[in-house]
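Participant:
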Amino acid sequence: MNDARPAISDLSDQALVAWLRERGEPAYRARQIRRHATHGAARSPVELTDLPKPLREALAASFRWSAVELVREEASADGETRKALLRLADGHHIESVLMPHHGARNAVCVSTQAGCPMACAFCATGEMGLVRDLTVGEIVDQIRHWQRELAHRGERVSHVVYMGMGEPLHNYRSTTGSARTLMDPEHFGISPRRITVSTCGVVPKMDALAAEGLPINLAVSLHAADDETRGAIMPINRKWGVEEVLAASARYVKKTKRRVTFEYVMLAGVNDSERTARDLAAAIRRHLRAADAHVNLIPYNAGPGGFRRPAVPRMERFAEILHEGGVAATLRISRGQDIAAGCGQLKVPEGKAAAV
Ligand code: SAH
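Printed below as a string of structure tokens:
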């Protein structure tokens, strides 16, 4: 059943103040409510005992406290990575991942779309197709979901990566809108240096993002050094090829003074040869200075396309050649694969994605 009440996270600050004013409540209540909604552990406004009871009840009647509702949570065997299946008001579902790191940081991986239209050959989310774009509230409330859980042990979400389901730059307004809310000191107050948006290379939107004046990090899913290989595994490459994506990355660096990270999923026999490594380093260095680029090598996680992960020495050799070619590279084994929470493994099971 659909819930027609707007989520409080989809309400602007002005709209909340106006709603309060209609009820004869002072404007400062808006900040109080936001603080609870953002950093508190309450699961309903009814629990906010520092607000007058009629206000609590009016809030509960008028708004959903969260745009996402927890259906199920799984934890990886090491107990670190956690994945949540979340239900949206119209019955669609998304996934969101918490990646704590030695108590020092709590990174959340958010989805920006239910499903994804980009159809990369190796990605489970791509198999779903696009179900729909998420609203700002539906993105922000994924972080609030984890924030509420962390509040119990006095911790907060420290880093956010837009690397869950969907293509963030294909849902540009909600992506930038949610990043602004995350950065806003009145809301989450997360440093833009701890926010990373990942794209498969939607070039015009990469330029738009560079012009936003949001000093956030950009990750670019490159995955190949030439158009033939990239075109075979990423349909988007037919629109914007390797050179165009690298040129747009260089413009992003120039405009924002932020380093760009290139994601590179390692597929045995497809994009993992020594020659490819040399070509990749050369292609990157044609566009960017050594200090401005970093390559994250992601061993392929079990998914569609019948691909295989290269042997570790081969991936290490690939990284070494990148280094020799003047490009810093890190081999990253993504965590949470036992609960299908690794890169490219987020997918809502058949039947779950359909509105119920
Ligand atoms: N659409 C955006 C955000 C998704 S980020 C983007 O493409 O950047 C998820 C990352 O995981 C992307 O780099 C994606 O290409 C990568 N990925 C997808 N399937 C994968 C798989 N099976 N194994 C490892 N990485 C994968």
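Numbering-wise, the sequence shown is residues 33 to 388 according to my numbering.
No residue lacks a Cβ here, since even glycine has one placed at the ideal position from N, Cα and C.
Please report the straight-line C-alpha distance between A36 and H124, rounded to a whole angstrom.
Facilitator: Here residue 36 corresponds to residue number 4 of the sequence shown, with the count starting at 1. Here residue 124 corresponds to residue number 92 of the sequence shown, with the count starting at 1. Looking at the two C-alpha atoms, the distance is approximately 15 angstroms.
Participant: Report the residue from A325, A109, V172 whose alpha carbon sits nearest the alpha carbon of V252.
Facilitator: Locating residue 252 in the sequence shown gives position 220, counting from the first residue. Residue A325 is the option with its Cα nearest to V252.
Participant: Does P58 pass the burial test, meaning 16 or more other C-beta atoms within 10 Å, or should it be called exposed?
Facilitator: Along the sequence shown, read from residue 1 onward, the residue named residue 58 stands at position 26. So P58 ends up on the exposed side.
Participant: Could you please give the first and the last residue of the uninterrupted beta strand (DSSP E) stretch that includes P86?
Facilitator: Mapped onto the sequence shown, residue 86 falls at position 54. Counting along the chain, P86 falls outside any beta strand (DSSP E), though it belongs to the alpha helix (DSSP H) covering 85–94.
Participant: Name the residue from D259, R283, V274 whose alpha carbon lies nearest to the alpha carbon of A242.
Facilitator: Within the sequence shown, the letter at position 210 stands for residue 242. That would be R283, whose Cα lies nearest to the Cα of A242.
Participant: Which residue's Cα is closest to the Cα of G358: F339, P381, R317?
Facilitator: Along the sequence shown, one-based indexing puts residue 358 at 326. When each option's Cα is compared against that of G358, the closest is R317.
Participant: Does DSSP put L312 in a helix, a strand or coil?
Facilitator: Residue mapping note: residue 312 aligns to position 280 of the sequence shown, counting from 1. Here L312 sits in helix by DSSP.
Participant: Rounded to the nearest angstrom, how far is the Cβ of P224 from that of M215, given a contact under 8 angstroms?
Facilitator: Working through the sequence shown from its first residue, we reach residue 224 at position 192. Working through the sequence shown from its first residue, we reach residue 215 at position 183. So it is a contact: roughly 5 angstroms between Cβ atoms.
Participant: Let's see if you can read the secondary structure: which residues bound the alpha helix (DSSP H) around V49?
Facilitator: For the purposes of this step, residue 49 is taken as the residue at position 17 of the sequence shown. Counting along the chain, the alpha helix (DSSP H) containing V49 begins and ends at 45–54.
Participant: Please name the residue, chosen from A280, G301, V100, that lies closest to T288 on a Cα-to-Cα basis.
Facilitator: For the purposes of this step, residue 288 is identified with residue 256 of the sequence shown, where counting begins at 1. When each option's Cα is compared against that of T288, the closest is A280.
Participant: Within this structure, are the beta carbons of I40 and S98 separated by less than 9 angstroms?
Facilitator: Start at 1 with the first residue of the sequence shown, and residue 40 comes out as number 8. Start at 1 with the first residue of the sequence shown, and residue 98 comes out as number 66. For I40 and S98, yes; Cβs fall inside 9 angstroms.
Participant: Could you compute how far the alpha carbon of L91 sits from the alpha carbon of P342?
Facilitator: Taking the sequence shown and counting its residues from 1, the one referred to as residue 91 is at position 59. Taking the sequence shown and counting its residues from 1, the one referred to as residue 342 is at position 310. Straight-line Cα distance between these residues: approximately 54 angstroms.
Participant: Which value, in whole angstroms, describes the spacing of the CA atoms of R346 and T308?
Facilitator: Position 314 of the sequence shown holds residue 346. Position 276 of the sequence shown holds residue 308. One C-alpha to the other measures close to 12 angstroms.
Participant: Under 9 angstroms between the Cβ atoms of T144 and D42?
Facilitator: The residue labelled residue 144 in the question sits at position 112 within the sequence shown. The residue labelled residue 42 in the question sits at position 10 within the sequence shown. No, Cβ-Cβ distance for T144 and D42 is not below 9 angstroms.
Participant: In the DSSP assignment, find the unbroken alpha helix (DSSP H) run with P331 in it and report its ends.
Facilitator: For the purposes of this step, residue 331 is taken as residue 299 along the sequence shown, with counting starting at 1. Where P331 is concerned, there is no enclosing alpha helix (DSSP H), although the beta strand (DSSP E) it sits in stretches over 325–331.
Participant: Using the C-alpha atoms, what's the distance from G147 back to G376?
Facilitator: Numbered from 1 along the sequence shown, position 344 holds the residue referred to as residue 376. Numbered from 1 along the sequence shown, position 115 holds the residue referred to as residue 147. Rounded to the nearest angstrom, the two C-alpha atoms are 11 angstroms apart.
Participant: Which one or two residues does DSSP pair with D165 in a beta bridge?
Facilitator: Locating residue 165 in the sequence shown gives position 133, counting from the first residue. Answer is Q145.
Participant: Give the list of continuous alpha helix (DSSP H) stretches no shorter than 4 residues that lie fully inside the stretch 209–258.
Facilitator: Correct list: 235–243.
Participant: Hey, would you say the C-beta of F154 is under 8 angstroms away from at least one heavy atom of the ligand SAH?
Facilitator: For the purposes of this step, residue 154 is identified with residue 122 of the sequence shown, where counting begins at 1. Yes, the Cβ of F154 comes within 8 angstroms of a heavy atom of the ligand SAH.
Participant: To test your reading of the DSSP string, which unbroken alpha helix (DSSP H) runs of 4 or more residues are found completely within the stretch 256–302?
Facilitator: Fully enclosed alpha helix (DSSP H) runs of 4 or longer: 259–265, 274–288.
Participant: Buried or exposed, going by whether 16 or more other CB atoms sit within 10 Å of the CB of Y204?
Facilitator: On the sequence shown, residue 204 is found 172 positions in, with the first residue counted as 1. Per the 10 Å Cβ criterion, buried.
Participant: Suppose you measure from the CA of V388 to the CA of A315; what does that come to, to the nearest Å?
Facilitator: The residue you call residue 388 lines up with position 356 of the sequence shown. The residue you call residue 315 lines up with position 283 of the sequence shown. Only weak support exists for where V388 lies, its pLDDT of 40 falling under 50; the coordinates are left without a value.
Participant: Taking Cβ positions, are T70 and F294 nearer each other than 9 angstroms?
Facilitator: Here residue 70 corresponds to residue number 38 of the sequence shown, with the count starting at 1. Here residue 294 corresponds to residue number 262 of the sequence shown, with the count starting at 1. No, Cβ-Cβ distance for T70 and F294 is not below 9 angstroms.
Participant: How many Å lie between A256 and R63 at the Cα?
Facilitator: Taking the first residue of the sequence shown as position 1, residue 256 is located at position 224. Taking the first residue of the sequence shown as position 1, residue 63 is located at position 31. Answer to the nearest angstrom: the Cα atoms are 47 angstroms apart.
Participant: So V297 and I330 are supposed to be a Cβ contact under 8 angstroms. How far apart are they, rounded?
Facilitator: One-based indexing of the sequence shown puts residue 297 at position 265. One-based indexing of the sequence shown puts residue 330 at position 298. With a Cβ gap of about 5 angstroms, V297 and I330 count as contacting.
Participant: What residues match up with R340 in a beta bridge as DSSP calls it?
Facilitator: Counted from its first residue, the sequence shown places residue 340 at position 308. Note: R340 sits in no beta bridge, so no partner.
Participant: I need the DSSP call for S128, collapsed to helix, strand or coil.
Facilitator: Within the sequence shown, residue 128 is the residue found at index 96, counting from 1. Here S128 sits in strand by DSSP.
Participant: Comparing alpha-carbon positions, which option in R364, G337, M195 lies nearest T231?
Facilitator: Counting from 1 along the sequence shown, the entry for residue 231 is found at position 199. Out of R364, G337, M195, M195 has the C-alpha closest to the C-alpha of T231.
Participant: Within the present structure, is the beta-carbon of S253 separated from the nearest heavy atom of the ligand SAH by less than 8 angstroms?
Facilitator: In the sequence shown, the residue the question calls residue 253 occupies position 221. S253 Cβ: within cutoff of the ligand SAH.
Participant: Would you call T362 buried or exposed, if buried means 16 or more other Cβ atoms sit within 10 Å of its Cβ?
Facilitator: For this step, residue 362 is matched to residue 330 along the sequence shown. It is exposed - the Cβ of T362 has fewer than 16 other Cβ atoms within 10 Å.
Participant: Could you spell out where the alpha helix (DSSP H) holding H68 opens and where it closes?
Facilitator: Position 36 of the sequence shown, counted from the start, is the residue given in the question as residue 68. H68 -> alpha helix (DSSP H) spans 60–71.
Participant: So which of G56, G198, R291 has the shortest CA-CA distance to G158?
Facilitator: One-based indexing of the sequence shown puts residue 158 at position 126. G158 has its Cα closest to that of G198, out of G56, G198, R291.
Participant: What did DSSP end up calling T362 once you bin it into helix, strand or coil?
Facilitator: Here residue 362 is taken as the residue at index 330 of the sequence shown, counted from 1. Here T362 sits in strand by DSSP.
Participant: The ligand SAH heavy atoms versus the CB of T231: any closer than 8 angstroms?
Facilitator: Position 199 of the sequence shown, counted from the first residue, corresponds to residue 231. Yes - the ligand SAH has a heavy atom lying nearer than 8 angstroms to the Cβ of T231.
Participant: Report yes if the CB atom of Y332 is closer than 9 angstroms to the CB atom of A300, and no otherwise.
Facilitator: Here residue 332 is taken as the residue at index 300 of the sequence shown, counted from 1. Here residue 300 is taken as the residue at index 268 of the sequence shown, counted from 1. In contact: Y332 and A300 (Cβ atoms closer than 9 angstroms).
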